[in-house]
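Note sheet for the following structure.
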Amino acid sequence: LNEICETVIIAEPVRNNGLIVDFTISFLNNKITDATIPSFFNNIREGQLLSSFRHDIPGKTDWYTIAVSVVEKGKCAERDVFSDKTQRWFHAALRKTQKDLCVCTITDITDSKVKDVCISISQHRDTQTGLLKRECFYKELAGVIENAQEHNSPFGVALFDIDNLKFINAATGHNSGDKLIQKAAAILASHESDFISLYRLGGDEFVLVQTNLPALSAFERCIKKIFFEFCSNQIAVSIGASVFPEDGTT
């Protein structure tokens, strides 16, 4: 067990009248002192009771309850845990052995997590602007409409079309056009919030969706503010906007 790459902790149930009341740490392999493992684990020792450090374990997961369930039901339990201290992700898996022990393996999965996040971002985010892609807009708009119809919750949609982009690309080159697109996207992105989502439809078109509108005037103020920011940055833009349910319900 000392030769494998994972951190291994073996715990033996402590029983009272047949019921599990605690666990004794019966084995720790040498990976427990690796620098990447949260420093908390460096304080665990063989022979120690789980109850003595149960409430000191970082995070909100109740590992004691999970360990009891694993031993009693014989089913594996797995969790991905992020360590604030080391800023790394770990995969913890608890299994029951034939000798009624609970084995916990801890594996550093930071690299795979980062890879998954990068793939997710590339699938959903426009690489040039960082805004959500057209596909996300159509998918999320369907949910917004459904929620609005069910709860009679108003929302607004605004389309922003950057003017003269083709002329700028032809006259000064695509680098200038790309910088203009990125600048416009940055202005829009600065307004993103819990109730405001931004998307790039493609080319010179962007969409803003604002939900949970307290009043139509709130949506109008938001659009006007963005328009003036475009003007102050010398970006010509055409804007079309509509509000549910005033302008339509589907």
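Sequential numbering of the sequence shown, starting at 993, is according to the numbering used here. Don't be surprised by glycine CBs; every beta carbon is placed ideally from N, CA and C. If you're wondering where the values come from, they're calculated on a predicted model, not measured in any experiment.
What number of angstroms, rounded off, separates the C-alpha of residue i from the C-alpha of residue j?
| i | j | result |
| --- | --- | --- |
| Asp1048 | Ile1058 | 16 Å |
| Arg1046 | Tyr1056 | 7 Å |
| Gln1120 | Arg1071 | 35 Å |
| Gln1226 | Lys1131 | 33 Å |
| His1183 | Glu1138 | 24 Å |
| Ala1085 | Asp1014 | 19 Å |
| Ser1168 | Asn1161 | 7 Å |
| Ala1163 | Asp1103 | 44 Å |
| Leu1180 | Ile1218 | 7 Å |
| Glu1221 | Thr1078 | 41 Å |
| Thr1203 | Gly1122 | 21 Å |
Compare the Cα-Cα distances from residue i to each of the options and report the closest residue.
| i | options | result |
| --- | --- | --- |
| Phe1236 | Thr1078, Phe1015, Ser1145, Leu1124 | Ser1145 |
| Lys1171 | Ile1154, Phe1187, His1183 | Ile1154 |
| Tyr1191 | Ser1168, Ile1012, Phe1129 | Phe1129 |
| Leu1124 | Asp1100, Ser1061, Val1201, Asp1108 | Val1201 |
| Ile1101 | Trp1081, Gln1090, Glu1038 | Trp1081 |
| Arg1126 | Ser1044, Arg1037, Cys1223, Val1199 | Val1199 |
| Ser1061 | His1143, Val1095, Cys1214 | Val1095 |
| Val1006 | Thr1016, Ile1218, Thr999 | Thr1016 |
| Ile1012 | Ala1003, Leu1020, Phe1019 | Ala1003 |
| Gly1240 | Ser1043, Ala1140, Arg1213 | Ala1140 |
| Thr1099 | Ala1134, Phe1211, His1083 | His1083 |
Buried or exposed: where does residue i fall if 16 or more other Cβ atoms within 10 Å of its Cβ makes it buried?
| i | result |
| --- | --- |
| Ala1027 | The predicted model places Ala1027 with a pLDDT of 49, which falls under 50 and marks its position as unreliable; any figure quoted below should be read in that light. Looking at its Cβ environment, which holds fewer than 16 other Cβ atoms inside 10 Å, Ala1027 is exposed. |
| Val1257 | Residue 1257 lies beyond the residue range present for the chain, which begins at 993 and ends at 1242; the question has no answer from this structure. |
| Ser1189 | buried |
| Lys1088 | buried |
| Asp1076 | exposed |
| Asp1196 | buried |
| Thr1097 | buried |
| Ala1150 | buried |
| Thr999 | buried |
Among all the DSSP beta bridges, which residues are the ones paired with residue i?
| i | result |
| --- | --- |
| Asp1100 | Phe1082 |
| Asn1167 | DSSP, once it has assigned bridges, lists no residue as partnering Asn1167. |
| Ser1189 | Val1201 |
| Glu1004 | Thr1016 |
4 or more residues per run - each alpha helix (DSSP H) lying fully within the region 1029-1092 | 1055-1065
Residue ranges of each beta strand (DSSP E) within the region 1206-1237, 3 or longer | 1229-1236
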